[in-house]
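Protein sequences appear in the order of chains R, W and S.
Quick note, the first sequence lines up with residues 9 to 114 if you use the numbering used here.
Quick note, the second sequence lines up with residues 145 to 304 if you use the numbering used here.
Quick note, the third sequence lines up with residues 11 to 267 if you use the numbering used here.
Just below is one structure, and these are the notes that go with it.
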Amino acid sequence: MASALIRVPERARRGEVVEIRALIGHPMETGYRRTQQGERIPRDIIRLFTCTYNGTEVFRAELHPAIAANPFIAFWTVATESGTIALHWTGDNGFTATESAAIVVE
Amino acid sequence: MIDASGSPSRREFLLAAGGAAAGVALASVVVVRPARATPATMQEAIDKVVGTARVSPGRVKLELPPLVENGNTVPLVVRVESPMTETDHVRAIHVFAEKNPQPNVVSVFLGPRAGRAGVSTRMRLADTQTVIAIAELSDGSFWSDRADVVVTLAACLEEP
Amino acid sequence: MRRLCAVAVALGLASGALAGEIPRAERRSGYEFMSRETRAMQDDDGANPGLLWVLEGETAWSRKVGAAGRACADCHGDGRASMKGVAARYPAFDTTLKRPVNLEQRINVCRTERQQAPPLAYESRELLALTAYVARQSRGLPIDIAVDARTQPFLDNGRAAFYRRQGQLNLACSQCHDDNWGKRLAGNVIPQAHPTGYPVYRLEWQSLGSLQRRLRNCLVGIRAEPYEYGAPELVELELFLMWRARGMAIETPGVRP
């Protein structure tokens with residue numbers, strides 16, 4: 009699986025808005041580049057990034073080739089309950105990745 | 145028309161030569177352009193998302209550096225003022241670029257569980273251009289912000 | 011210039027400042043010439059793309075490889091402790107090869123001799139990951155290159171290369187990086203060329219890359235034939251550049267435009 013670095017707070021107060029940050033290794037090949045021989049390098053990007061909180065989707069991003077390589081996304085979510093925050097990436101050529109972290113909400 | 149001698153008349157010859165020359169000139173003038181969005185294709189992409197609704201400037205804050213050292217990785221932050229309650233929240237944020245090969249950059253989908261409407265990411269900019277962020281609110285209204293970015297190339301380019 | 015170099019070296023003043031060299035008080039890392047946003051990217055451990063390679067290096071550190079079935083960890087234990095300070099003194103003299111080697115080459119020496127595994131290709135993902143992991147353990151530590159009778163001739167070669175005009179553009183490294191740092195070249199600020207952040211995540215590459223990759227870029231930039239990866243000329247130049255940056259802190263993984 010590709011390398012990923014995620015930042016999910018370990019604990020939060022109920023109702024607190026917390027920031028989640030995710031960085032994943034991926035070339036995000038645009039499909040517009042050409043080799044020295046002039047052949048087009050085919051597109052190979054991550055197309056979808058979602059965050060689920062105890063199974064419920066709380067954030068979704070549809071990515072296009074204009075997102076830079078090794079995509080970084082940071083967003084907010086309300087700490088509603090203790091459990092698991094999972095991040096999923098899917099893309100071209102069957103690319104998938106998942107990272108999760110536990111959060112304790114008091 | 146070829147005259148009786150079998151060779152083209154001077155007029156035909158000149159026309160043919162002129163035509164050939166023009167043809168050659170046209171062929172050499174045909175330029176293969178790299179794919180580029182234009183303000184028009186960006187508008188089409190926006191229309192696909194917004195439909196016929198009006199997009200009003202405001203409520204959205206799009207942050208991009210005004211001068212970028214390298215267009216390959218440009219940090220981008222979008223924030224939208226909103227209480228993010230069940231009845232009043234941001235449903236989605238869409239970002240478009242005017243002169244990239246294609247206009248869509250990213251679309252994020254939120255809801256009251258987000259707590260705060262915003263996203264931070266890194267984008268690619270192919271040229272000096274305008275970037276637009278459009279937020280769709282739960283009441284169906286659309287708000288926007290735009291940023292102009294100057295993109296310079298690295299001075300010493302690597303061989304591809 | 012050259013005569014001054016020769017005299018200074020002859021008098022054993024290798025550690026003293028030479029004409030044209032940036033005085034210690036004015037030495038600044040490429041970090042200081044970057045925009046606020048790029049600096050933020052380097053500083054943020056949750057968002058620095060170079061850390062993806064450091065993570066991979068950490069995994070590779072414990073992976074058993076080669077006919078010997080040995081991992082780096084088997085000899086070196088916890089890399090975070092054992093590798094502290096290592097990158098700050100590379101390139102270093104290798105007593106078997108009788109010449110300085112850079113960190114990448116040192117890792118490959120371990121690969122071939124201790125792990126009995128084939129050497130990793132230059133700029134391969136795995137070699138970059140291991141180099142980044144090792145160098146990351148020196149973050150914050152001052153560069154400290156050993157200069158002695160063994161390394162002196164190689165340092166002198168590197169220095170000569172730095173001050174030599176070359177390529178179609180007939181430019182010496184010193185002309186941009188000693189004489190014109192801080193000024194602009196085609197919209198970018200010219201840095202002083204201190205290799206404090208290597209392997210570095212270069213936005214231009216959208217990837218992590220080694221100092222040798224950057225040096226080859228520079229050579230192409232002045233329209234000179236770039237040396238092959240691993241060439242002694244490149245290692246000598248690396249040695250000189252690290253010596254020139256002595257006392258400055260390692261920033262690996264750096265982010266640069």
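Backbone N, C-alpha and C define an ideal beta-carbon position, used for all residues, glycine too.
Between Arg-121(S) and Pro-129(S), the C-beta gap is smaller than 8 Å, which places the two residues in contact. For the segment 272-284 of chain W, the set of residues with a beta-carbon nearer than 7 Å to any beta-carbon of chain S is empty. Put simply, the backbone Cα of Arg-51(R) is about 31 Å away from that of Ala-109(R). Counted as a single uninterrupted DSSP element, the stretch harbouring Cys-59(R) is not any alpha helix (DSSP H) but the beta strand (DSSP E) occupying residues 54-61.
A straight line joining the alpha-carbon of Asn-101(R) with that of Thr-43(R) spans about 20 Å. Just so you know, the alpha carbons of Ala-189(W) and Arg-256(S) end up roughly 53 Å apart. With its beta carbon at least 8 Å from every one in chain W, Arg-21(R) lies outside the interface. Among the residues of chain R, those whose CB is under 8 Å from the CB of Val-250(W) are Ala-69, Glu-70, Leu-71, His-72, Ala-74 and Ile-75, following chain order. Ranked by Cα distance from Val-249(W), the first of Thr-265(W), Ala-258(W), Arg-235(W) and Gly-259(W) is Thr-265(W).
Straight-line measurement puts the Cα of Glu-246(S) at about 22 Å from the Cα of Pro-33(S). In the three-state reduction of the DSSP assignment, Glu-261(S) falls in the coil class, being assigned neither a helical nor a strand state. Nearest C-alpha to Asn-244(W) among Asn-78(R), Ala-74(R), Ile-93(R) and Ala-87(R): Ala-74(R). Here the alpha carbons of Ser-251(W) and Gly-91(R) stand approximately 27 Å from one another. Residues of the segment 256-273 of chain W with a C-beta less than 7 Å from any C-beta of chain R: Arg-257, Ala-258, Gly-259, Arg-260, Gly-262, Val-263, Ser-264, Thr-265, Arg-266, Met-267 and Arg-268, listed in chain order. The DSSP assignment places no complete alpha helix (DSSP H) segment of no fewer than 4 residues inside the segment 195-278 of chain W. Judged by beta-carbon spacing, Arg-257(W) lies within the 8 Å limit of Val-66(R), meaning their Cβ atoms are closer than that value. Classified as exposed, Gly-192(S) has fewer than 16 neighbouring CB atoms from the shown chains inside 10 Å of its CB. Boundaries of the alpha helix (DSSP H) harbouring Arg-116(S): 113-119, taken from the DSSP string. A straight-line Cα-Cα distance of about 28 Å links Glu-225(W) and Asn-58(S). Among the residues of the segment 34-67 of chain S, those with a Cβ less than 7 Å away from any Cβ of chain R are Gly-56, Ala-57, Pro-59, Leu-61, Leu-62, Leu-65 and Glu-66, in the order of the chain. Contact check between the segment 278-293 of chain W and the segment 189-203 of chain W: three or more CB pairs, one atom from each, fall below 8 Å, which counts as touching. Under the three-state reduction of DSSP, Val-144(S) is assigned to helix. Within the segment 26-83 of chain S, the complete alpha helix (DSSP H) segments of 4 residues or longer fall at 46-53 and 60-71, listed in chain order. The alpha-carbon separation between Asp-53(S) and Gly-63(R) amounts to approximately 33 Å.
Glu-280(W) sits in a strand when the DSSP states are folded into three classes. Glu-24(R) sits away from Ala-82(R), with the two beta carbons spaced by 8 Å or more. Beta-bridge annotation (DSSP): Asn-198(S) is paired with Leu-195(S).
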